[in-house]
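Comments concern the structure below.
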Amino acid sequence: MGRASVVLDSVTPMTIAADSHDVIRVQGARENNLKDVSVDLPKRRLTVFTGVSGSGKSSLVFDTIASESRRLINETYSTFLQTYMPSTGRPDVDVLDGLTTAIVVDQERMGANPRSTVGTVTDAHAMLRVLYSKLGEPYVGPPTAFSFNVPTSTVSGMMAIEKDGHTEKTAVKGRVYLGGMCPKCEGRGEVSDLDLSVILDESKSLHEGAIQVPGYTADGWMVRGIAESGFFDPDKPVGDFTARERDDLLYKAPTKVKIAGINMSYEGLIPKLQKSIFSKDPDAMQPHIRAFATRAATFGTCPECDGTRLTAGPRECKIDGRSIADVARMQVSDLTEWLDGLDLPGAGPLLGALRATLGSFVELGLGYLSLDRPSGSLSGGEAQRIKLLRHLGSALTDVTYVFDEPTIGLHPHDIQRMNTLLLQLRDKGNTVLVVEHKPETIAIGDHVVDMGPGAGTGGGEIVFEGTVEGLRTSGTLTGKHLDDRARIKDAVRAANGVIEIRGASTNNLHDVDVDVPLGVLTVVTGVAGSGKSSLIHGSLAQRDDVIVIDQGAIRGSRRSNPATYTGLLEPVRKAFAKANGVKPALFSANSEGACPTCKGNGVIYTELGFMDTVTTPCEDCDGKRFMASVLEYTLGGKDISQVLSMPVAEAEAFFAKDGPAPLPAAHAILDRLVDVGLGYVNLGQPLTTLSGGERQRIKLATQMAEKGGIYVLDEPTTGLHLADVDNLLRLLDRLVDAGRSVVVIEHHQAVMAHADWIIDLGPGAGHDGGRVVFEGTPADLIANPTTLTGQHLAQYVAP
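Number 635 in this note's numbering belongs to position 589 of the sequence shown; there are no gaps in the numbering.
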């Protein structure tokens with residue numbers, strides 16, 4: 047890579063006050079890998095935290111500063127209210143002074159409640175409901191009448207109705223809706239159709255195991271409650287039930303019965319499963335229950351509300367010919383134009399507030415979304431920007447905003463707008479703390495704290511603190527790479543075939559025809575919302591021989607860790623067993639070797655009913671997860687808990703050919719984990735603590751041993767330090783040179799420049815995108831930079 051200076055588009059860092067009252071003072075921070083870190087952070091300024099993944103940035107910003115701020119605020123509430131709040135201990139730090147209220151804007155995906163949408167989480171839908179309740183025709187009712195989260199109820203008679211700025215009593219004919227939830231789909235917009243052959247084996251009786259639902263064992267209490275209800279013979283095959291018996295088994299309304307002398311309520315199996323399984327978030331289910339639900343249920347648009355989630359009354363109420371469901375389906379940028387064209391006397395302030403909210407969508411590069419888009423379908427980057435949108439219009443000042451890589455998922459064109467918004471938050475008198483890798487955002491910082499020098503135990507120190515210009519000349523790893531620029535490859539690989547995509551129309555794609563070359567590195571680019579994911583995931587990922595490696599959550603129990611997920615633990619367990627002459631099962635925290643007190647979790651989970659679950663370290667095993675007798679067995683001088691506490695890089699040396707415990711099978715897996723930049727992650731670290739980028743890289747390391755011919759990666763540079771991007775490119779090259787085809791959805795210009803072939807979508811987002819605007823080599827794109835991607839790539843590539 048070459049080097050060039052980042053140009054700050056008229057952005058001048060603000061002068062930092064030296065007054066001790068104008069700083070957040072941290073002294074002696076030791077959370078996670080921090081090594082007695084002390085630092086003074088200027089208030090009402092924008093501070094960027096840099097450093098390689100695992101260097102301690104998040105430990106300092108999130109686990110120390112933000113965590114203590116939230117803990118102190120929670121303690122100001124009454125004891126009663128505190129019982130409903132997460133309980134966290136004080137961070138491991140000597141002094142924290144000058145804290146203000148911290149608002150964390152992270153990448154966590156929004157809850158996948160099926161009735162949660164972009165409109166409901168941003169209050170835009172709430173403003174639309176008020177608008178339609180006041181000015182929609184025919185009149186339906188109060189704002190809740192347009193809410194698909196409020197069940198339908200009706201009243202009649204005299205009603206107080208606000209109209210034309212005043213309230214009057216009116217005799218209402220017929221029904222007035224107090225809630226707008228469609229009763230058939232319960233406000234979800236879709237209904238599930240259950241496959242009874244998955245739920246029941248009709249050749250068997252209930253006592254023989256006819257019910258094939260997880261937890262409904264033939265001799266268990268759940269089946270006993272059904273079998274002893276008295277509505278049918280539990281020893282008769284279900285297939286021989288009369289129509290009445292079958293209806294009682296599957297659909298009977300709640301009825302009081304007596305079972306084993308106890309008064310109980312009996313309910314048909316289908317409504318019971320609808321409530322207990324099929325109405326839940328799939329990602330919150332145990333893996334075996336999720337697998338059953340996937341096989342048993344198929345989903346389709348609700349026939350009663352046509353997917354609008356609303357009852358008939360709210361659907362028929364319109365403004366300028368459009369119902370609230372119609373406008374919620376519109377792209378936000380189009381909805382803004384529609385609102386601008388309305389002439390609604392008396393609604394000026396409300397329309398102004400709604401336009402301001404929708405305008406923030408456009409500023410954040412989210413104008414391509416619709417308000418009825420399920421919030422659970424947003425990417426991590428989109429979710430973070432939606433959270434930011436909530437705060438842009440806030441009247442609060444002197445707040446500490448904490449951002450976790452806000453540029454994730456953003457095209458270089460959109461990063462400029464994000465930078466502007468971060469500076470706006472600062473200029474309102476707030477303290478802005480940003481954890482970031484992108485040089486474009488590092489460059490706008492008033493203050494920079496660079497963590498390192500390495501990751502894990504090799505990090506946890508401040509290696510530089512000062513201005514961006516000072517960072518450039520600091521000699522740290524970040525400083526050395528801050529001005530890196532890519533060079534176009536001298537020669538690109540030639541494709542050895544193509545995959546034809548014809549007539550792709552998923553989401554916003556406009557009947558796209560494109561050939562994806564085989565045997566090369568293909569990079570798919572375009573602004574956020576241009577249709578990249580729709581094209582690749584909708585048309586390519588479903589084909590045979592395609593391995594998709596995304597940033598989604600890794601499904602498994604809370605015991606899962608890199609050692610179990612990658613298969614590393616299996617050869618390690620066998621090596622321990624062979625060296626000590628005992629069974630391999632002893633070296634699994636999920637099997638015979640588990641500490642009996644905590645059952646191998648290392649912590650005790652105390653369920654407190656409606657309150658948060660309390661987690662405390664297991665006193666018997668001291669968090670090591672194994673019985674004391676198991677820890678007496680060693681391999682290469684280490685017990686199994688010590689091996690699982692090793693970072694990947696340390697374990698690689700431990701199991702190497704010339705290491706203390708040579709183990710080729712384990713070393714091969716560890717070598718791949720190091721290749722993808724995860725050398726700092728501990729083998730026993732819970733998978734739930736990994737970021738989206740780390741999850742993707744651990745999946746990549748695991749899949750590298752598979753035989754798939756086509757790899758699809760979604761933004762693999764997420765969370766990568768500037769110095770690690772080169773390592774990723776070398777890894778992608780090795781995959782291609784080994785005969786695989788690699789397709790990468792990516793915004794990073796270094797990856798674009800390294801491609802053999804680029805497919806650029808656009809020209810804009812939403813319905814302004816969805817077209818292929820360029821196909822060819824990076825050199826061709828730079829030579830004729832007519833697209834946004836081409837323009838930014840030409841600026842990035844070293845001359």
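Glycine included, each C-beta is placed from N, C-alpha and C at the ideal position.
| Item | Value |
| --- | --- |
| Going by C-alpha to C-alpha distance, which of Thr519, Leu396, Gly500 sits closest to Gly723? | Gly500 |
| List the whole-angstrom C-beta distance separating Thr96 from Asp496, where the pair is believed to meet the contact cut-off of C-beta under 8 Å. | 5 Å |
| In whole angstroms, what is the alpha-carbon distance linking Ser84 and Gln749? | 41 Å |
| CB Phe192 to CB Arg355, shorter than 7 Å? | no |
| Please determine if the segment 333-350 and the segment 359-378 are in contact, where contact requires at least 3 C-beta pairs separated by less than 8 Å. | no |
| Are Thr763 and His794 touching if we call contact CB-CB under 7 Å? | yes |
| Taking only runs of the alpha helix (DSSP H) that begin and end inside the segment 765-829, which ones reach a length of at least 4 residues, in chain order? | 768-783, 795-800, 824-829 |
| Tell me whether Met268 sits in a helix, a strand or coil according to DSSP, three-state version. | helix |
| Could you tell me which whole beta strand (DSSP E) segments of length 3 or greater appear in the segment 659-733? | 660-663 |
| Considering only C-alpha positions, which residue in the set Ala640, Leu681, Lys684, Thr680 is nearest to Asp666? | Ala640 |
| Under 7 Å Cβ to Cβ from Arg605, same chain only, skipping five residues before and after it: list those, please. | Ala635, Asn636, Gly646, Asn647 |
| Below 8 Å on the Cβ atoms is my contact criterion, and I expect Ala343 with Leu240 to pass it. Report the Cβ-Cβ distance as a whole number of Å. | 6 Å |
| Judging by CA-CA distance, which residue of Leu777, Val689, Asp529 is the nearest neighbour of Lys484? | Asp529 |
| Our contact map puts Leu827 next to Ile805 with C-beta atoms below 8 Å; I'd like the distance itself, whole angstroms only. | Rounded, the Cβ-Cβ distance is 10 Å, inconsistent with contact. |
| Take the Cβ of Thr850 as the centre, count every other Cβ of all protein chains shown within 10 Å, and call the residue buried at 16 or more, exposed below. | Since the displayed the chain opens at 47 and closes at 845, residue 850 lies outside it and no answer follows. |
| Identify every residue that forms a DSSP beta bridge with Leu567. | Val788 |
| Thinking just about the alpha-carbon of each residue, which of Ala537, Thr446, Ile365, Val494 is nearest to the one in Val566? | Ala537 |
| List the whole-angstrom C-beta distance separating Phe324 from Ser238, where the pair is believed to meet the contact cut-off of C-beta under 8 Å. | 5 Å |
| Do three or more CB pairs link the segment 696-715 to the segment 568-581 at distances below 8 Å? | no |
| On a CA-only basis, which of Tyr262, Arg368, Arg292, Glu362 is nearest Ser322? Give me that one, please. | Tyr262 |
| So Asp143 is in the beta strand (DSSP E); what residue range does that whole segment cover? | 139-143 |
| So, at 7 Å on beta carbons, what are the nonlocal neighbours of Phe287 in its own chain, with the 5 sequence-adjacent residues on each side left out? | Phe278, Leu295 |
| Under a three-way DSSP split, which group does Val69 fall into? | strand |
| Just to confirm, are Ile365 and Gly182 a CB contact at a threshold of 7 Å? | yes |
| According to DSSP, Phe192 sits in a beta bridge with which residue or residues? | Looking at the DSSP assignment, Phe192 forms no beta bridge with any residue, so it has no partner. |
| According to DSSP, is Ala342 part of a helix, a strand, or is it coil? | helix |
| Taking Phe324 as part of the beta strand (DSSP E), name the residues at either end of that continuous run. | First-last for Phe324: undefined, no H or E at that position. |
| Looking at Thr446 and Ala148, is the spacing between their C-beta atoms short of 7 Å? | yes |
| By how many angstroms is the C-alpha of Val788 removed from the C-alpha of Ala801? | 10 Å |
| Below 8 Å on the Cβ atoms is my contact criterion, and I expect Glu254 with Ala264 to pass it. Report the Cβ-Cβ distance as a whole number of Å. | 6 Å |
| Can you give the Cα-Cα distance for Arg368 and Gly525, rounded to whole angstroms? | 55 Å |
| Alpha helix (DSSP H) containing Ala550: first to last residue? | Per DSSP, Ala550 belongs to no alpha helix (DSSP H); it is in the beta strand (DSSP E), 544-550. |
| Any idea which residues DSSP pairs Phe95 with across the strands? | Val481, Val495 |
| List in chain order: all unbroken beta strand (DSSP E) runs of 3+ residues lying wholly within the segment 372-426. | none |
| Please classify Gly836 as buried or exposed, where buried requires at least 16 neighbouring CB atoms within 10 angstroms. | buried |
| Measuring straight from C-alpha to C-alpha, what distance separates Ala441 and Ile490? | 24 Å |
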